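Colleague:
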Amino acid sequence: MEMHPLLAQHMANLVASGAPLPEGPAWTAFLESVNVGLTAGPAAAELARYRSLVDHLREVLFQIDRDGNWSFLNPAWRAITGFSVDESLGQPFLGNMHPLDKGRYLNMLTYALETGEDTVRGEFQFRKREGAYFWVEMYTRITTDAEGVVIGVSGTMNDITERKLAQAALNTLTSRLRALIENMQGAILVETEHRGIALINEPFCRMFDIPVPPHLLAGSEATELMDLALGAFLYPEDFLELQSSLLAERKVTSGLEVPLADGRVLSMDFVPIDAGEDLFGHFWLFHDITGRKRSEAQLAQAALDMEMKNWELSQARDEAVQLAGLKSEFLANMSHEIRTPMNGIIGMTELILNTALSVEQMDYATTIRTSAATLLRLINDILDFSKIEAGKMELERIGFDLQGLLDDLLAILGFKAHGKGVELATWIQGAAPTKLLGDPTRLRQVLSNLTDNALKFTADGSVTIHVLVAERTASSVLLRFEVRDTGIGMSPEVAGKLFQSFYQGDSSTTRKYGGTGLGLAICKRIAELMEGAIGVDSVPGEGSVFWFTARFQPQDAPQETGLPDAPFRFFLAGLPPATAGVLDAQLKAWGYEATVVEPSLDGLAVLRERCAALDDKTLLVFGSQGGIQAGMMEFLQAVHAAPGLGGLRLIMAHSLYEQDEARKPTSLPITEFLPLPMRKSHLKALLERSKDAVPLPAVAEAAPREGIQSQARLLVTEDNAVNQKVAMAILRKLGYSADLANNGLEAVEMVLAREYDLVFMDCQMPEMDGFQATRAIRAREGGERRTPILAMTANAMQGDRERCLEAGMDDYIPKPITIVDLKSALHRWLPPA
């Protein structure tokens with residue numbers, strides 16, 4: 001017999017309960033009659049409808065027997081728990097409930113039984129198949145039999161997990177919002193749609209002197225609260241009108257300023273709480289902005305004051321700019337005006353010194369030249385310092401040869417060093433590049449200043465210039481220049497202040513050695529412009545090392561031409577200490593053997609031992625300071641007479657500034673010379689030439705021979721009579737004749753009338769200055785020819801050289817003009833004879 005599902009379930013429950021069941025034909029007939037009644041007739045149809053309704057409910061319908069086991073569950077149970085109905089029936093219902101909720105549910109059920117209640121309602125957590133718990137709202141009714149004995153419970157369960165989560169989030173948000181509102185400094189009032197007080201904080205009560213705690217005001221009328229607060233406003237009627245307008249318009253409004261009767265100012269924000277057309281309430285927020293308004297007023301006054309100050313500063317700046325322009329113009333004019341008579345003094349003094357003078361006259365003229373040179377140096381220091389103060393000192397970036405720059409420096413300062421009996425030498429580290437891009441003029445200025453100071457404070461011994469590599473990058477090299485002297489030295493206190501403007505050590509040194517105290521300050525600024533630094537290390541009584549660093553860019557051209565591959569051997573005898581040290585270091589840097597020997601019998605023994613086989617690559621360089629002394633002469637004669645040493649190349653190292661008597665030929669085969677101060681180029685030339693006789697060099701700064709007339713056509717353009725006389729006299733001394741133009745206008749006319757090989761052009765002249773004259777000449781020449789025009793001017797300020805070149809001039813000779821400068825310019829611009 002196929003049983004109806006309901007009958008089958010009841011039979012299963014009976015079997016599960018363990019109760020004895022009847023047997024026999026009567027029991028079977030009873031079951032068939034019940035089964036027929038369930039499956040046919042109106043009752044069956046009604047039962048089917050109820051069954052369908054139960055099966056399609058989203059809520060869980062359940063029954064629990066008196067033993068606490070599930071006895072009925074509808075399909076919704078599987079939908080929300082994942083457990084099937086079949087596997088759950090007969091299982092303890094507490095097995096699905098959260099451990100924390102079991103005791104609470106049983107307590108609620110016991111309480112209901114004891115109080116005669118028949119229902120239990122609550123929220124509990126049940127476990128899903130995957131182990132997670134979810135919330136249900138559970139309604140339970142207690143079932144009893146006819147005698148009142150509990151036979152089980154039945155009821156419904158609804159999944160309320162989402163509602164619980166939403167409620168928890170809402171509770172959290174509400175708590176945070178309440179805490180935020182209660183702790184805000186602003187006064188807050190939240191109204192319901194009917195203007196009841198939903199929320200109010202303590203600052204609101206304090207701001208408007210409300211004598212009631214905020215928690216007691218919740219639920220009361222907001223209009224009554226506003227009536228209490230109305231007396232605090234400066235204009236109560238205006239506030240009531242504003243409030244009515246805001247409530248009617250229902251627009252978000254912020255930053256409304258409301259004055260109070262006690263002088264405070266409030267900022268009011270109003271926000272209607274709505275969703276579409278539905279209104280849920282109003283939000284009011286008041287801030288005390290009295291301090292801000294006071295600060296704004298102060299800022300407005302400060303801005304007005306600042307504007308006035310800016311106007312005053314603008315006026316002062318304009319005046320300062322005007323004064324700076326006047327100062328620059330004054331310096332330029334003063335430079336010109338001072339250099340013009342200095343040109344006459346220095347130029348004429350040089351001309352006098354190149355004439356036949358008595359000893360007394362020579363002493364007077366030399367004193368004049370020395371004093372004029374000192375005065376010119378002071379003028380240059382003041383001008384450079386003025387440029388630094390004005391921020392107008394700029395650096396060039398041109399290619400130059402560092403070795404050539406040092407050689408020129410030796411030529412300039414060598415005479416002074418020789419006069420004091422002080423050695424002067426330079427040495428460049430082998431790794432240091434010599435073909436550089438930078439500002440050679442400013443580099444020469446710093447080196448000249450430091451070296452000149454070293455010579456000034458060194459009575460005997462030596463002054464040497466060393467160049468080292470401090471840092472190298474892919475695109476630049478930082479060189480370290482050291483000027484070492486054996487002079488008087490200085491204390492650390494003096495050294496620490498030495499690079500300050502106008503500082504001169506102490507008064508006794510100043511009186512003895514002179515100076516403006518600007519030179520080292522200028523050197524410091526130049527070193528900083530070259531991305532370097534400057535300093536000094538000194539020990540009193542032992543000497544000083546002045547050093548500075550400067551950054552340059554190596555040129556792409558080869559740094560140094562090759563040296564002879566021959567195995568040269570050098571022997572050094574009787575050389576001054578600094579010269580011997582520099583020469584020995586340079587030779588070894590080139591890879592050549594160098595040995596220092598004493599000019600004595602011991603030295604002769606060393607030569608015999610080391611020079612078993614002689615050739616022209618073995619050289620003996622000996623010193624002849626003040627001429628060949630007796631001891632040196634005996635040593636040289638012994639060397640010359642020694643068997644096997646007769647072919648030794650004898651090189652006399654001599655000063656360029658010694659008199660001819662000190663370098664007269666002797667019976668010895670001395671035909672080669674190394675001039676001192678030693679230049680790297682001279683030493684290299686010594687290696688490259690053969691043993692053939694080399695003419696004795698002429699004495700440095702020999703007077704030019706007058707009377708050798710050149711055929712070059714020269715024009716001197718100068719308006720000052722003294723400068724005219726100086727320029728014409730120097731040109732005659734150098735063997736040139738020249739025409740004279742008194743101003744730029746005459747120069748233009750003369751250049752157009754006659755072709756000149758070279759034109760010397762002053763810059764500041766009446767009627768037409770040198771710049772205008774040069775432009776006029778260039779315009780008339782067109783592209784057919786270009787007459788070399790050299791600026792010959794007393795202007796020495798920043799930009800003067802650039803102005804000359806921009807005007808069309810080709811070179812620049814600053815005044816005062818010297819014979820050396822003019823001779824050098826003639827050699828540069830005139831074709832060889």
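Just so you know, we're using the working numbering here: the sequence shown kicks off at 1 and counts up by one.
For every residue, glycine included, the Cβ atom is placed at its ideal position computed from N, Cα and C.
What you are looking at is a predicted structure, and each value in this text was computed from that prediction instead of being measured.
(1) Between which residues of its own chain and T119 is the CB-CB distance below 6 Å, once the five residues before and five after are set aside?
(2) Expressed to the nearest angstrom, what Euclidean distance is found between the alpha-carbon atoms of L57 and P22?
(3) In its own chain, which residues sit with a C-beta less than 6 Å from the C-beta of D506, not counting the 5 before and 5 after it?
(4) What does the alpha-carbon distance come out to for the pair D86 and R66?
(5) Run through the segment 737-821 for me and flag every whole alpha helix (DSSP H) of 4 or more residues, listed as ranges in chain order.
(6) Between V271, E296 and F280, which has its C-alpha nearest V265's C-alpha?
(7) Apart from the five residues on each side of it in sequence, which residues of its chain come closer than 6 Å, Cβ to Cβ, to R569?
(8) Can you list, in chain order, the residues of its chain with a C-beta nearer than 6 Å to that of E137? Leave out the 5 residues immediately preceding and following it.
(9) Could you check the C-alpha separation between E767 and G744 for me, to the nearest Å?
(10) Compute the distance between the beta-carbons of T464 and V582, then report whether it is under 8 Å.
(11) Of the choices R397, G421 and W427, whose alpha-carbon is the least far from that of L409?
(12) Going straight from the alpha carbon of L826 to that of I777, what length do you get?
(13) Are the segment 308-315 and the segment 344-355 in contact at 8 Å, needing three or more beta carbon pairs?
(14) With distances taken Cα to Cα, identify the nearest neighbour of A580 among L424, P814, Q91 and E746.
(15) Considering only the alpha carbon of each residue, which of L529, G116 and W547 lies closest to E394?
(16) DSSP on A712, reduced to helix/strand/coil?
(17) Which same chain residues, not among the five before or five after A773, have their C-beta less than 6 Å away from its C-beta?
(18) D209 and A232 look like a contact to me (Cβ under 8 Å); what is the Cβ gap, rounded to whole Å?
(19) Taking C-beta to C-beta, are Q429 and L468 nearer than 8 Å?
(20) Identify every residue that forms a DSSP beta bridge with A550.
(21) I'd like the span of the beta strand (DSSP E) that includes G243, first residue to last.
(22) Report the rounded CA-to-CA distance for T787 versus V759, giving the unit in angstroms.
(23) State yes or no: is the C-beta of M809 within less than 8 Å of the C-beta of L790?
(24) Is F280 buried or exposed, if buried means 16 or more other CB atoms sit within 10 Å of its CB?
(25) Report all residues from its chain with a CB closer than 7 Å to the CB of V726; omit the five preceding and five following residues, and keep chain order.
(26) Does the beta-carbon distance from L740 to V722 come in below 8 Å?
(27) Helix, strand or coil for D485? Go by DSSP, reduced to three states.
(28) Where does A653 land, buried or exposed, given buried means 16+ other C-beta within 10 angstroms?
(29) According to the Cβ coordinates, are L450 and C523 closer than 8 Å?
(30) Does the segment 185-203 come into contact with the segment 249-261, if we say contact requires no fewer than three beta-carbon pairs (one atom in each stretch) closer than 8 Å?
(31) Below 8 Å between beta carbons: does that hold for L447 and V422?
(32) Determine the burial state of W27: buried for a count of at least 16 other Cβ atoms within 10 Å of its Cβ, exposed for fewer.
(33) Exposed or buried, what is G148 when buried is set at 16 or more other beta-carbons lying within 10 Å of its beta-carbon?
(34) Please classify A8 as buried or exposed, where buried requires at least 16 other C-beta atoms within 10 Å of its C-beta.
(35) Just the C-alpha distance for Y812 and T793, rounded to the nearest angstrom, thanks.
(36) Taking the CB atoms as reference points, tell me whether L240 and A261 lie closer together than 8 Å.
Modeller: The answer reads as follows:
(1) The count along the sequence shown starts at 1 and reaches residue 119 at position 119. The beta carbon of T119 is closer than 6 Å to those of R141 in its chain, skipping five residues each way along the sequence.
(2) Reading the sequence shown from its first residue, position 57 is the one you call residue 57. Reading the sequence shown from its first residue, position 22 is the one you call residue 22. Per the coordinates, the alpha-carbon of L57 lies some 36 Å from the alpha-carbon of P22.
(3) Counting from 1 along the sequence shown, the entry for residue 506 is found at position 506. Bear in mind that the predicted position of D506 carries a pLDDT of just 49, short of 50, making it too unreliable to give a figure here.
(4) Counted from its first residue, the sequence shown places residue 86 at position 86. Counted from its first residue, the sequence shown places residue 66 at position 66. Straight through space, the alpha carbons of R66 and D86 are spaced by roughly 19 Å.
(5) 744-753, 770-781 and 800-806
(6) Position 265 of the sequence shown, counted from the first residue, corresponds to residue 265. Of V271, E296 and F280, the residue nearest in Cα terms is E296.
(7) For this step, residue 569 is matched to residue 569 along the sequence shown. E593 and T618.
(8) Position 137 of the sequence shown, counted from the first residue, corresponds to residue 137. The beta carbon of E137 lies closer than 6 Å to those of E123, N158 and I160 in the same chain, with the five residues before and after it left out.
(9) Here the question's residue 767 lines up with position 767 in the sequence shown. Here the question's residue 744 lines up with position 744 in the sequence shown. Looking at the backbone, the Cα of E767 and that of G744 are separated by about 7 Å.
(10) As a first step, residue 464 must be located in the sequence shown, where it is residue number 464. As a first step, residue 582 must be located in the sequence shown, where it is residue number 582. The answer is yes: Cβ separation under 8 Å.
(11) Within the sequence shown, residue 409 is the residue found at index 409, counting from 1. Per the Cα distances, W427.
(12) The sequence position of residue 826 within the sequence shown is 826, counting from 1. The sequence position of residue 777 within the sequence shown is 777, counting from 1. Their backbone Cα atoms lie some 20 Å apart in a straight line.
(13) No: the two stretches stay apart, fewer than three of their Cβ pairs being nearer than 8 Å.
(14) Stepping through the sequence shown from its first residue, residue 580 is reached at position 580. Per the Cα distances, L424.
(15) As a working mapping, residue 394 is identified with position 394 in the sequence shown. Nearest of L529, G116 and W547 to E394, Cα basis: L529.
(16) Locating residue 712 in the sequence shown gives position 712, counting from the first residue. Coil at A712, not helix or strand.
(17) Taking the first residue of the sequence shown as position 1, residue 773 is located at position 773. If we look at A773 and ignore the five residues flanking it on each side, its Cβ neighbours are G744, A747 and V748.
(18) By 1-based counting over the sequence shown, the position of residue 209 is 209. By 1-based counting over the sequence shown, the position of residue 232 is 232. With 8 Å as the limit, D209 and A232 qualify as a contact, their Cβ atoms being about 7 Å apart.
(19) Taking the first residue of the sequence shown as 1, we reach residue 429 at position 429. Taking the first residue of the sequence shown as 1, we reach residue 468 at position 468. Against a cut-off of 8 Å, the Cβ pair of L468 and Q429 comes out as a contact.
(20) Here residue 550 refers to the residue found at position 550 of the sequence shown. DSSP, once it has assigned bridges, lists L479 as partnering A550.
(21) On the sequence shown, residue 243 is found 243 positions in, with the first residue counted as 1. Position check: residue 243 holds Gln in this sequence, whereas Gly was assumed. Careful: Q243 lies outside any beta strand (DSSP E), inside the alpha helix (DSSP H) at P236 to E249.
(22) The count along the sequence shown starts at 1 and reaches residue 787 at position 787. The count along the sequence shown starts at 1 and reaches residue 759 at position 759. Distance between the alpha carbons of T787 and V759 is about 7 Å.
(23) As a working note, residue 809 is residue 809 in the sequence shown. As a working note, residue 790 is residue 790 in the sequence shown. It is a contact, given that the beta carbons lie within the stated cut-off.
(24) Here the question's residue 280 lines up with position 280 in the sequence shown. Exposed: under 16 other Cβ atoms inside 10 Å.
(25) Counting from 1 along the sequence shown, the entry for residue 726 is found at position 726. Shown here for V726: same chain residues with a beta carbon closer than 7 Å to its own, the five before and five after excluded, namely N343, G344, G347, M348 and I817 in chain order.
(26) Mapped onto the sequence shown, residue 740 falls at position 740. Mapped onto the sequence shown, residue 722 falls at position 722. No, the Cβ-Cβ distance between L740 and V722 is not below 8 Å.
(27) Your numbering for residue 485 matches position 485 in the sequence shown. Residue state, collapsed to three classes: strand.
(28) Here the question's residue 653 lines up with position 653 in the sequence shown. The residue is buried, with at least 16 neighbouring Cβ atoms inside 10 Å.
(29) As a position in the sequence shown, residue 450 is number 450, starting the count at 1. As a position in the sequence shown, residue 523 is number 523, starting the count at 1. Between L450 and C523, the C-beta gap is smaller than 8 Å, which places the two residues in contact.
(30) no
(31) Position 447 of the sequence shown, counted from the first residue, corresponds to residue 447. Position 422 of the sequence shown, counted from the first residue, corresponds to residue 422. Not in contact: L447 and V422 (Cβ atoms no closer than 8 Å).
(32) Looking up residue 27 in the sequence shown gives position 27. Label assigned to W27: exposed.
(33) Within the sequence shown, numbered from 1, the residue matching residue 148 stands at position 148. Counting Cβ neighbours within 10 Å, G148 comes out exposed, since fewer than 16 surround it.
(34) Residue mapping note: residue 8 aligns to position 8 of the sequence shown, counting from 1. Answer is exposed; the Cβ neighbour count stays below 16.
(35) Counting from one through the sequence shown, the residue named residue 812 turns up at place 812. Counting from one through the sequence shown, the residue named residue 793 turns up at place 793. Approximately 8 Å between the Cα atoms of the pair.
(36) Along the sequence shown, one-based indexing puts residue 240 at 240. Along the sequence shown, one-based indexing puts residue 261 at 261. For L240 and A261, no; Cβs fall outside 8 Å.
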